[in-house]
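Heads up: the sequence shown begins at -15 in the numbering used here, then just goes up one per residue.
Beta carbons are placed, not taken as given, at the ideal position from N, Cα and C, and that holds for glycine.
No experiment lies behind these values; they were computed from the predicted model shown.
Encoded as structure tokens, the structure appears first; notes follow it.
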Amino acid sequence: MKIPRRAKTRPARRRRSPAKPTPERARRILDRLEEAHPDARCALEHGNAFELAVATILSAQCTDERVNMVTPGLFARFPDAAALAAAPPAEVEEIIRSTGFFRAKTKSIVGFARGLLERHGGLVPRDFAAMVKLPGIGRKTANVVLGHAYGMNEGIAVDTHVLRVTNRLGLAEGDDPVKVEAQLMKLVPRARWTRTTDLVIFHGRRVCDARRPACGRCTLFDLCRWPSKQAWANGDKKPPRRAKGKGTR
Ligand code: SF4
């Protein structure tokens, strides 16, 4: 009896999981961003650490350009922590009104100034733990101030641009800034932490826009892991729908 030959069956193809982010890929991305945006810098105008902290608090839900319009008047009237701590809230509110959420922001910056005066003699401490204990100061603001005013690499400030761009690139995953910061800090050498924020923010503003990313002219196209990048590069009218929680913001 002829025994039928068993049909050769191919082993089921395993779906490849997206490549894990590596320090090497992060390095290549940052090197290219350095080339593309050599002028990347903190866009908030400031003369010292106190001014930068106040400007950073005011920049929440507001453009840096708008903050830069308001701060010269604010610092002319209240030039240091002592002056701002004693400021009449109504007057501060009026000056910063155009930055939005002006009542809450007034509380934050006056509270910050009072905290500085009471705990640090009016000077911004060069210490991350002490910074984040001050009213109005979170991890992002502390990182921005320590990084740009004092040249200290204590962390990577994660704002909406950093969240979006690093998720798309596949360097980080999720929309929790603290978790994303921790993921990035594992990939990027400490000496580049502050610079990472500036470069990624500039790339987010100039190229990797939230609504209309210019993937077709992006220097990171081959290194980017965003599934929709090809559609955007092709100039498709209707790019793929957002995949929830996958860094498409
Ligand atoms: S290829 Fe597109 S999604 Fe990826 S970083 Fe560049 S602009 Fe952003």
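Residue i versus the options, residue with shortest Cα-Cα distance
i: Asn137; options: His145, Ala126, Val146 and Ala217; result: Ala126
i: Leu58; options: Ile121, Glu29 and Asn218; result: Glu29
i: Thr178; options: Arg196, Leu130, Lys170 and Pro73; result: Leu130
i: Gly120; options: Ile185, Leu36, Asp159 and Leu14; result: Leu36
i: Asp159; options: Thr144, Leu168, Leu153 and Arg25; result: Thr144
i: Leu207; options: Ile13, Thr6 and Lys4; result: Ile13
i: Ala44; options: Ala69, Ala66 and Ile93; result: Ile93
i: Ala198; options: Ala217, Phe96 and Asp23; result: Ala217
i: Thr195; options: Thr181, Lys213, Asp182 and Arg176; result: Before going on, a small fix: residue 195 reads as Arg here, not Thr. It is Lys213.
i: Gly219; options: Pro211, Gly200 and Arg209; result: Gly200
i: Ser82; options: Cys46, Lys124, Arg9 and Thr6; result: Cys46
i: Ala33; options: Glu102, Arg123, Gly135 and Lys117; result: Gly135
i: Gly84; options: Ala60, Asp48 and Val172; result: Asp48
Boundaries (first-last residue) of the alpha helix (DSSP H) holding residue i
i: Thr150; result: Thr144 to Leu153
i: Phe96; result: Phe86 to His104
i: Pro73; result: Pro73 to Ile80
i: Phe112; result: Phe112 to Val116
i: Glu165; result: Pro161 to Leu171
i: Gly120; result: Per DSSP, Gly120 belongs to no alpha helix (DSSP H) and is neither H nor E.
i: Ala238; result: There is no way to answer for residue 238, as the model of the chain reaches only from -15 to 233.
Proximity test, Cβ basis, 7 Å: residue i and chain D
i: Trp177; result: Reference to chain D is not applicable here, since this structure consists of a single protein chain.
Runs of alpha helix (DSSP H) lying entirely within the segment -1 to 54, each at least 4 residues, in chain order: 7 to 20 and 33 to 42
Can you list the alpha helix (DSSP H) stretches of 4 or more residues lying completely in the segment 178 to 224, in chain order? 213 to 218
Stretch pair the segment 146 to 153 + the segment 187 to 207: three plus CB contacts closer than 8 Å: yes
Is it the case that the segment 10 to 24 contacts the segment 178 to 187, given that we only count it when at least three CB pairs across the two stretches are under 8 Å? yes
Just checking, does the segment 92 to 107 make contact with the segment 63 to 73 on the three C-beta pairs under 8 Å criterion? yes
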